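Colleague:
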Amino acid sequence: MGGIDPWRRFQVPFHHTRRLRGGSAFFARGSATHQWGRRRMMKLANDNHVVMVDDNDGDIVLAKVCFDRSELTNPWLAFPSGEKLLEHLAGVKADAAPMPAIVLLDINMPQMSGFDVLIEIRKDSFFVDLPIFCMLTSSAAERDIEKASKLGASGFVTKPGNLNDYVGFFNSLSRA
Numbered sequence: 457m458g459g460i461d462p463w464r465r466f467q468v469p470f471h472h473t474r475r476l477r478g479g480s481a482f483f484a485r486g487s488a489t490h491q492w493g494r495r496r497m498m499k500l501a502n503d504n505h506v507v508m509v510d511d512n513d514g515d516i517v518l519a520k521v522c523f524d525r526s527e528l529t530n531p532w533l534a535f536p537s538g539e540k541l542l543e544h545l546a547g548v549k550a551d552a553a554p555m556p557a558i559v560l561l562d563i564n565m566p567q568m569s570g571f572d573v574l575i576e577i578r579k580d581s582f583f584v585d586l587p588i589f590c591m592l593t594s595s596a597a598e599r600d601i602e603k604a605s606k607l608g609a610s611g612f613v614t615k616p617g618n619l620n621d622y623v624g625f626f627n628s629l630s631r632a
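Residue 457 is where the sequence shown starts when you use the numbering used here, and the numbers rise one by one after that.
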């Protein structure tokens with residue numbers, strides 16, 4: 457390829473990290489440092505899956521490529537819908553599958569939105585401590601950020617627009 461970055465078309469300006477009013481979770485636009493709850497984000501356990509839920513196959517492929525280039529050594533698992541994630545979590549509760557280390561949840565999906573999935577997960581006290589990061593495709597609407605926080609999201613991210621920001625996002629999950 458002669459040194460040309462094939463991911464150049466994904467490059468967009470990085471946006472800042474911000475903290476929600478009255479909450480302890482940091483919500484981010486782009487990549488950079490992501491913190492929730494206490495002073496630092498928990499380090500992901502190496503044996504637990506990083507789970508992504510997105511109806512867009514292209515977004516899943518891009519995220520997987522970036523995940524593979526990151527410092528994380530966790531296994532990867534992706535689902536095309538919230539319904540499939542909920543089926544998987546039923547298996548987790550039945551002790552047929554391990555608890556995910558984190559769930560990256562797309563908000564804009566057909567049939568069952570990410571918000572609807574988040575509501576269903578948070579209804580079950582078994583998953584109250586499961587870290588769930590809500591992801592939006594475009595600029596973050598203030599109402600979506602507030603809604604994610606009220607529904608119990610651990611964090612919020614606008615999907616990184618380029619390869620380096622996505623890798624940086626995953627690397628931030630590996631550092632405690």
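We put the beta carbon where it would ideally sit given N, CA and C, even for glycine. Being a predicted model, the structure only gives us computed values, none of them experimental.
Where does F589 land, buried or exposed, given buried means 16+ other C-beta within 10 angstroms?
Modeller: Residue 589 sits at position 133 when you count from the first residue of the sequence shown. Buried, because 16 or more other Cβ atoms sit within 10 Å of the Cβ of F589.
Colleague: Just to confirm my understanding: we take F612, look at its own chain, exclude 5 residues before and 5 after, and list those with CB closer than 6 Å. What are they?
Modeller: Numbered from 1 along the sequence shown, position 156 holds the residue referred to as residue 612. Cβ neighbours of F612 beyond the five flanking positions: F483, C590, I601, A604.
Colleague: What distance in whole Å lies between the Cβ atoms of L592 and K637, which are believed to be in contact at a cut-off of 8 Å?
Modeller: An answer regarding residue 637 cannot be provided, because it is not within the stretch 457 to 632 covered by the chain.
Colleague: Quick one: Cα of D621 to Cα of S628, how far?
Modeller: On the sequence shown, position 165 is the one that residue 621 refers to. On the sequence shown, position 172 is the one that residue 628 refers to. Distance between the alpha carbons of D621 and S628: 10 Å.
Colleague: Going by DSSP, what residues sit across from I558 in a beta bridge?
Modeller: Against the sequence shown, residue 558 aligns to sequence position 102. Note: I558 sits in a beta bridge opposite V506.
Colleague: Between I516 and the rest of its own chain, which residues show a CB-CB distance below 7 Å, the 5 nearest in sequence each way excluded?
Modeller: For the purposes of this step, residue 516 is identified with residue 60 of the sequence shown, where counting begins at 1. M508, D510, A534.
Colleague: Would you tell me roughly how many angstroms separate the C-alpha atoms of A552 and D513, rounded to the nearest one?
Modeller: Here residue 552 refers to the residue found at position 96 of the sequence shown. Here residue 513 refers to the residue found at position 57 of the sequence shown. About 26 Å.
Colleague: For chain C, is any of its Cβ atoms less than 8 Å away from the one on M508?
Modeller: This model lacks chain C altogether, as it is built from one protein chain only.
Colleague: Suppose the cutoff is 6 Å on Cβ atoms and the five residues either side in sequence are ignored; what does the same chain contact list for F583 look like?
Modeller: On the sequence shown, position 127 is the one that residue 583 refers to. Contacts found: I577.
Colleague: In whole angstroms, what is the alpha-carbon distance linking R525 and I558?
Modeller: Residue numbering aside, residue 525 sits at position 69 when the sequence shown is read from its first letter. Residue numbering aside, residue 558 sits at position 102 when the sequence shown is read from its first letter. When rounded, the distance between both Cα atoms is 18 Å.
Colleague: Do you know whose CA, among D585, P536, L542, lies nearest P566's CA?
Modeller: Sequence index remark: in the sequence shown, residue 566 carries index 110 (1-based). Nearest option by C-alpha distance: P536.
Colleague: Start and end of the beta strand (DSSP E) containing A534?
Modeller: In the sequence shown, counting from the first residue as 1, residue 534 sits at position 78. A534 -> beta strand (DSSP E) spans 532-535.
Colleague: Between which two residues does the alpha helix (DSSP H) harbouring E539 extend?
Modeller: Within the sequence shown, the letter at position 83 stands for residue 539. Unbroken alpha helix (DSSP H) run through E539: 538-549.
Colleague: Using the three-state DSSP reduction, which class does G570 fall into: helix, strand or coil?
Modeller: Here residue 570 refers to the residue found at position 114 when the sequence shown is read from its first residue. Reduced to three states, the DSSP call for G570 is helix.
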